[in-house]
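Engineer:
Protein chains: 2
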Amino acid sequence: MDTEDEDLWVPFLAARPRDRKAERLRAHLREDERRGQRHPPRRAAALSRDEIVRTAIKVADAEGADAVSMRRIARELNAGTMSLYWHIVSKEELLDLMLDAVQGDWETPEPSGDWRRDTQDLARGMRASLHEHPWLMDFIGGRPPAGPKSLRNLERTLGFFDGLNLDMRMAIDIAATLGTYVMGAVLREVQEHNSQSYTEQILADMTEAEREKVFGEFTERVRATGRYPHLAELLGAGYDPDGAETRDERFEFGLDCLLDGIAARIAGHPPATSAG
Amino acid sequence: MDTEDEDLWVPFLAARPRDRKAERLRAHLREDERRGQRHPPRRAAALSRDEIVRTAIKVADAEGADAVSMRRIARELNAGTMSLYWHIVSKEELLDLMLDAVQGDWETPEPSGDWRRDTQDLARGMRASLHEHPWLMDFIGGRPPAGPKSLRNLERTLGFFDGLNLDMRMAIDIAATLGTYVMGAVLREVQEHNSQSYTEQILADMTEAEREKVFGEFTERVRATGRYPHLAELLGAGYDPDGAETRDERFEFGLDCLLDGIAARIAGHPPATSAG
DNA sequence: ATGCGTCTCGTACGCCGTACCAGTTAGTAC
DNA sequence: GTACTAACTGGTACGGCGTACGAGACGCAT
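From first to last, the protein sequence lines are chains A and B.
Under our numbering, the first residue of the first sequence carries the number 1, and numbering increases by one thereafter.
Under our numbering, the first residue of the second sequence carries the number 1001, and numbering increases by one thereafter.
1. Please work out which residues of its chain come closer than 6 Å, Cβ to Cβ, to G1163(B), disregarding the five sequence neighbours upstream and downstream, and give them in chain order.
2. Please compile the residues from chain A whose C-beta is within a distance smaller than 7 Å of the C-beta of H1230(B).
3. Please confirm if the segment 1150–1163 of chain B is in contact with the segment 93–112 of chain A, defined as three or more CB-CB distances below 8 Å between the two stretches.
4. Give me the chain B residues within the contact set of L235(A), using Cβ-Cβ distance strictly less than 8 Å, ordered along the chain.
5. Under 8 Å, CB to CB, which of the residues in the segment 1250–1273 of chain B have a partner in chain A?
6. Which of the three DSSP states is assigned to V222(A) in this structure?
7. Using three-state DSSP, classify N1194(B) as helix, strand or coil.
8. How would you label M1183(B), buried or exposed, when you count the other beta carbons within 10 angstroms and need 16 or more for buried?
9. Against P1111(B), what residues of chain A qualify as contacts under a CB-to-CB distance less than 9 Å, listed in chain order?
10. Whole angstroms are fine: how far does the CA of F160(A) sit from the CA of E249(A)?
11. Just mark G80(A) as buried or exposed, buried being the case when its beta carbon has 16 or more other beta carbons within 10 Å.
12. Would the segment 1082–1101 of chain B count as touching the segment 1135–1153 of chain B if we require 3 or more Cβ pairs under 8 Å?
13. Quick check on G268(A): buried or exposed, where buried means 16 or more other Cβ atoms within 10 Å of its Cβ?
14. Is the beta carbon of Q191(A) closer than 9 Å to that of R1143(B)?
15. Looking only at its own chain, which residues have a Cβ that is under 6 Å from the Cβ of F251(A), when we skip the five neighbours before and after it?
16. With distances taken between CB atoms, is the gap from G1261(B) to C257(A) smaller than 9 Å?
17. What number of angstroms, rounded off, separates the C-alpha of A224(A) from the C-alpha of R1049(B)?
18. Quick one, which residues of the segment 56–90 of chain A are near chain B if we go by CB-CB under 7 Å, in chain order?
19. With a threshold of 9 Å between beta carbons, is T225(A) in contact with chain B?
20. Quick one: grab the DSSP three-state call for S48(A).
21. Over the uninterrupted alpha helix (DSSP H) stretch that includes H87(A), give me the two end residues.
22. Have a look at E1031(B) and I1088(B) and give me their C-alpha separation to the nearest angstrom.
23. So what does DSSP say about A1237(B), is it helix, strand or coil?
24. Can you check whether the C-beta of L1008(B) is within less than 9 Å of a C-beta belonging to chain A?
25. If I follow the unbroken alpha helix (DSSP H) through S129(A), where does it start and stop?
26. For the putative contact between V1059(B) and R1072(B), defined by C-beta atoms under 8 Å, what is the C-beta separation to the nearest angstrom?
27. If we count the other Cβ atoms within 10 Å of its Cβ and call it buried at 16 or more, is P109(A) buried or exposed?
28. Return yes when the Cβ of R247(A) is within less than 9 Å of the Cβ of E189(A), no when it is not.
29. Quick check: L178(A) and A244(A), are their CB atoms within less than 9 Å of each other?
30. Which residues in the same chain have their Cβ closer than 7 Å to the Cβ of R211(A), if we skip the five residues on either side of it in sequence?
31. Name the chain A residues whose beta carbon is nearer than 7 Å to that of N944(B)?
32. Please classify W135(A): is it buried, with 16 or more other beta-carbons within 10 angstroms of its beta-carbon, or exposed?
33. List, in chain order, every chain A residue whose beta-carbon is nearer than 7 Å to that of A1101(B).
34. Along chain A, in chain order, which residues have C-beta atoms closer than 8 Å to that of R1188(B)?
35. On the three-state DSSP scale, how would you describe M206(A)?
36. For a quick check, are the C-beta atoms of L94(A) and M70(A) less than 9 Å apart?
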């Protein structure tokens, strides 16, 4: 059911200041086509917004956020670099589009009536999807969720609490808090994942003896200060905080804590009849 | 109590792969000075690591993450660009150092014995400190917390649960979950803050009538689809999700939910005696 | 005076985003 | 048919970036 025709970007939020000059020049992108359609396209376009965005995502998936450059994407499409700028106002806009496109992937399920199960599914879906595109975490800071896919997800999420007679404010707080937790968790997990990649790369060049030496020395230094008893215990126990299993369980742990707290607040809320 | 002499960077995590060649060349930064100190410095250094990091933070605070470039920081210090590279291996390392330096700011208080109050203080302190350096959210993805300040904060946090006889695993899960929540919350808040700045900038150029027209049209489009009842209600109510007061209350709401869930798990834990 | 580690920094290379604009294509108007 | 024009493509060039390289400047040890 791909009714993607509607491009409901929240006004202003989508356009960064430095884009605005260009935006005015390329008004055709938003205005012309929509209502007046004064002319049919005079020429079959070789490039398209969607194609560009998809290619950018493919590159980012394969080689990370740093690999996404206008020149690189143009090369990937066998096009001139500047051709992209007919379809996309700036790289900033491209990043916004990439972000919103990915959010389309974690389509939330229709509300089942069991809000706890629904929100759990949503959270797990978000997490899984974000892990497929870890480069997203490099962009997301300072990039407001203003696109149509984000709006749809917000709409669906609010729907989870329909039968509970929560006031709007509380529903939004809950939805925001859940999103917050998932974002934070994935942020941390991506951090840890990257560390591990680097670590493994370096460890591969070392002998077993060298590895133990480095870790041993570090542990010893921590212990020697006497000021890090908990860390020393941790290091001594050989606890691996970054195992995949540990990671999943920790995510569920935090999610359960959060949902317990939310459930208590929902239960304490005026049921049925009405609420200010 | 600035006992900053110890630079306990977690081995490997601190050094990104592409830094390693340079790292080997500039071994003096880590090795020489530490133990052998074969020579006293032959010359009074005009620059220092700390000074560079402080300047970078100052620039980032004033003008955002994008303004931090090696050339810019050198100019700020009246130094040649390449002079920085004697003290710092790469820009990547500089970012790591900036991140760890900021984490030194939110010094966690000594444990008071009331874990809930302590963790609340910690969370609020983290949040306040992160808001003072919103550029941090642009870097933090993919940058592991491996520096001495992060380690100290982890150590302190684990200390909050000392009297409760939690096993190490649970204590870490709790600490990680709290950090996760705060990071996620600040991430979202910084996003919203940035959106608002942009929005205000744009609104300033418009007349009141234009503003209402744009918002009205957007609201109408949302309503017209019929598929966004909750959003339509939201927009119709003129609810402002980004007010500062709303933001604070939402943070506390989520934090309370989380702490309630954690408290329940701590209460249900084997008290005293022992635990695996 | 010589040597040599410590530290500074000018030059240059290959990336980046994108402003500017000239060129190509294919419908429409005559 | 020819002329016109909107819809697109893409080459050139500019100023910025990170940083490799290596030539110096400085001051202690000899």
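The C-beta atom is built at its ideal place from N, Cα and C for all residues, glycine as well.
Structural biologist: So, from the listed chains and residues:
1. none
2. E155, L158, G159
3. no
4. Under the 8 Å cutoff, chain B gives no residues; its nearest Cβ is about 10 Å from L235(A).
5. R1250, F1253, G1254, D1256, C1257, L1258, L1259, D1260, G1261, I1262, A1264, R1265
6. helix
7. helix
8. buried
9. Under the 9 Å cutoff, chain A gives no residues; its nearest Cβ is about 11 Å from P1111(B).
10. 25 Å
11. exposed
12. yes
13. exposed
14. yes
15. A185
16. yes
17. 25 Å
18. none
19. yes
20. coil
21. 84–87
22. Here E1031(B) scores only 49 on pLDDT, less than 50, and its place in the model should not be relied on; the value that follows carries that caveat. Their Cα atoms are separated by approximately 14 Å.
23. coil
24. yes
25. 115–132
26. 6 Å
27. exposed
28. yes
29. no
30. L203
31. Nothing about residue 944(B) can be read from this structure; chain B reaches only from 1001 to 1276.
32. buried
33. Ordered by position in chain A, no residue passes the 7 Å Cβ test against A1101(B), which lies about 18 Å from the chain.
34. A176, G179, T180, M183
35. coil
36. yes
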